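Below is one structure; the comments refer to it alone.
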Amino acid sequence: MAHSAEDDHHHHHENSELPETDLRVRTLESLLVEKGYVEPAALDRLVETYETKIGPRNGARVVAKAWSDAAYHDWLMEDATAAIASLGYTGRQGEHMMAVENTSEVHNMVVCTLCSCYPWSVLGLPPTWYKSPAYRSRAVIDPRGVLAEFGLDIPETTEVRVWDSTAEIRYLVIPRRPQGTDGLDEEALADLVTRDSMIGTGLPLLPGTIS
Amino acid sequence: MNGAADVGGMMGFGAISHPADEPNFHHDWERRAFAVTLAMGATASWTLDESRFARETLPPVVYYSSSYYQIWEKALEKLMLDRGLLTGRELATGIVESRKPVARTLAAEDVDKVLARGAPTERASGASARFKLGDKVRAKNMHPFTHTRLPRYLRGHVGEIVHVHGVHVFPDSNAHGKGEDPQWLYAVRFSARELWGKDRPAGDTVSADCWEPYLETV
Chain W
0 MAHSAEDDHH
10 HHHENSELPE
20 TDLRVRTLES
30 LLVEKGYVEP
40 AALDRLVETY
50 ETKIGPRNGA
60 RVVAKAWSDA
70 AYHDWLMEDA
80 TAAIASLGYT
90 GRQGEHMMAV
100 ENTSEVHNMV
110 VCTLCSCYPW
120 SVLGLPPTWY
130 KSPAYRSRAV
140 IDPRGVLAEF
150 GLDIPETTEV
160 RVWDSTAEIR
170 YLVIPRRPQG
180 TDGLDEEALA
190 DLVTRDSMIG
200 TGLPLLPGTI
210 S
Chain P
0 MNGAADVGGM
10 MGFGAISHPA
20 DEPNFHHDWE
30 RRAFAVTLAM
40 GATASWTLDE
50 SRFARETLPP
60 VVYYSSSYYQ
70 IWEKALEKLM
80 LDRGLLTGRE
90 LATGIVESRK
100 PVARTLAAED
110 VDKVLARGAP
120 TERASGASAR
130 FKLGDKVRAK
140 NMHPFTHTRL
150 PRYLRGHVGE
160 IVHVHGVHVF
170 PDSNAHGKGE
180 DPQWLYAVRF
190 SARELWGKDR
200 PAGDTVSADC
210 WEPYLETV
């Protein structure tokens, strides 16, 4: 408990309700299990799926394929749901997908101002910052200020396009392929594609910066 | 509704903390809150839109002082209390006193299948679309006390249709037990200057997905 309280204070900027919340969630879970509404093994399976199976590596493979295969790229831009499903990434919070592509003229970034809509099927669960009122409030009114905080300096001549995910359409940013990657295969390219680059708050890694 | 969740364009929340390699869950209770919320969603006791409305109707002081999964947990309690699936006394004591049945439960062996299927919201189209690519439209000046997915910061502003997504379940209806009432859905692009004033960069834009009832011809 002492460790937990310290952890909360130093790292998570949450509130003093946490021990109560912990107890409340335990109580709720045990009630729901006893009522037969939820199956404990199913709960474990849900957590395991999003902690170990569904994450931004999925999206990175989509981007790497789009960079490598012109026909796939065109399909992705035309019908992202089908093109992404062809790689096996379907379902919850990715039922209807749109791919938006960065170019020298356009930089895309994605937000959900109303809640936390995010393309789970290709990026996994959203990071805490994506769900924070700070990001949600500022991304639409001051996207360049937000991008600067993430270390991105977007030239004035580049159009910043923000996509507010207000419906069940989920947006995947296709970042620009870095220079010096001509010889790389899809797996090596996927290693360069960061989660944030697919939200639009980051850029892909450069070859040589990863082992 | 003009609730606490509708934060687009608000100020004062400060810098965005974005640590590298942050875990999905910071505490075990977050894992459990996440999982019970998804598993209860699978019982079909409410719609996704009803669950969003339960979160956005938390009083602003509660919403802003709660962490993300605290909001989920509080909304889950509310959904269950409202439907008689849980009582306040059960929550207080931890002792089960009622067992109102639910339509179905999620079995562990079905989790992969259920997640892979998801819950598509596109429906067959009946009426033809009122708008087409390139049309100029105005987001209506509307302030329903009920659920809507038209953020305040877009209302009254003129944008352009940049994508036609097809016909999708209409949250404004589906959040209130009034059926799916599917409507045409469009991506509408607004210039930053239209939304926020003349000192914004000329080319910058914000796009949002808007159902046809949110839009009117200019």
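Protein sequence lines correspond, in order, to chains W and P. Take 0 as the starting number for the first sequence in numbering that gives the first Met the number 0 and just add one per residue. Take 0 as the starting number for the second sequence in numbering that gives the first Met the number 0 and just add one per residue. Glycine is no exception: its CB is placed at the ideal position from the N, C-alpha and C atoms. Since this is a predicted model, take the numbers as computed values, not measurements.
Would DSSP call residue i helix, strand or coil?
i      : result
P/D20  : coil
W/L191 : coil
P/L214 : strand
W/E94  : coil
W/L202 : coil
P/A4   : coil
P/Q266 : With chain P covering 0 to 217 only, the question about residue 266 of chain P has no answer from this structure.
W/S3   : Caution is warranted here: a pLDDT of 41 is assigned to W/S3, below 50, making its placement in the model unreliable, and the coordinate value is therefore given only provisionally. W/S3: helix per DSSP, three-state reduction.
P/H175 : coil
P/H146 : coil
W/N107 : strand
P/A138 : strand
P/E96  : coil
P/G125 : coil
W/H12  : Only weak support is given to the placement of W/H12: the predicted model assigns it a pLDDT of 46, under 50, and the value that follows is read from those uncertain coordinates. In this structure, W/H12 counts as coil in the three-state DSSP scheme.
W/K130 : helix
P/W195 : helix
W/T20  : helix
P/P58  : coil
P/R88  : helix
W/P177 : coil
If you measure from the beta carbon of residue i to each beta carbon in chain W, is any gap under 9 Å?
i      : result
P/T42  : yes
P/D175 : The sequence shown places His at residue 175 of chain P, rather than the Asp named in the question. Cβ-Cβ to chain W under 9 Å: no for P/H175.
P/H142 : no
P/D219 : Nothing about residue 219 of chain P can be read from this structure; chain P reaches only from 0 to 217.
P/E193 : no
P/E72  : yes
P/E49  : no
P/H156 : no
Name the DSSP beta bridge partners of residue i, please?
i      : result
P/T204 : W/R160, P/S190
W/V99  : W/V172
P/L184 : P/G165, P/W210
P/G158 : P/V136
Give the C-beta separation of residue i and residue j to the nearest angstrom, bearing in mind that I take them to be a contact with Cβ-Cβ under 8 Å.
i      : j      : result
P/V136 : P/F130 : 6 Å
P/H167 : P/R51  : No, P/H167 and P/R51 are not in contact; Cβ-Cβ is about 15 Å, not under 8 Å.
W/E38  : P/L105 : 7 Å
P/G155 : P/A138 : 7 Å
P/S66  : P/K73  : Not confirmed; about 11 Å, so no contact.
P/A32  : P/Y68  : 4 Å
P/M0   : P/E55  : 6 Å
W/A166 : P/D208 : 4 Å
W/K34  : P/R98  : 5 Å
W/R194 : W/N101 : About 15 Å separates the two Cβ atoms, so there is no contact after all.
P/T110 : P/L132 : Residue identity check: residue 110 of chain P is Val in the sequence provided, not Thr. 39 Å between Cβ atoms; not a contact.
W/L45  : P/L75  : At roughly 14 Å, the Cβ-Cβ gap does not stay under 8 Å, so W/L45 and P/L75 are not in contact.
P/A115 : W/A40  : About 18 Å separates the two Cβ atoms, so there is no contact after all.
P/V6   : W/T112 : 6 Å
W/V121 : W/I83  : 6 Å
Give a yes or no on whether the minimum CB-CB distance between residue i and chain P is below 9 Å.
i      : result
W/R208 : Looking at the sequence provided, one finds Thr at residue 208 of chain W rather than Arg. No, no contact with chain P.
W/S247 : One cannot answer for residue 247 of chain W here, as it falls past the ends of chain W, which runs 0 to 210.
W/K34  : yes
W/M97  : yes
W/G58  : no
W/E186 : no
W/E5   : Because the pLDDT at W/E5 is just 38, under 50, the model does not fix this residue reliably, and the value given afterwards should be weighed accordingly. W/E5 does not count as touching chain P.
W/D21  : yes
W/S136 : yes
W/L151 : no
W/P126 : yes
W/W162 : yes
Is residue j closer than 9 Å to residue i when the C-beta atoms are compared?
i      : j      : result
P/A4   : W/C116 : no
P/A128 : P/W183 : yes
W/P142 : W/M108 : yes
W/K64  : W/L86  : yes
P/A43  : P/V101 : yes
W/W128 : P/V205 : no
P/A186 : P/V161 : yes
P/G158 : P/R199 : no
W/R56  : W/P118 : no
W/V99  : W/R60  : no
W/L124 : W/Y49  : yes
W/P126 : P/E21  : yes
W/L205 : W/G179 : yes
W/V62  : W/S196 : yes
P/A191 : W/E148 : no
W/S136 : P/F169 : no
Less than 9 Å between CB atoms is the rule here; does residue i satisfy it with respect to chain B?
i      : result
W/P142 : Protein chains in the displayed structure are W and P, and chain B is not among them.
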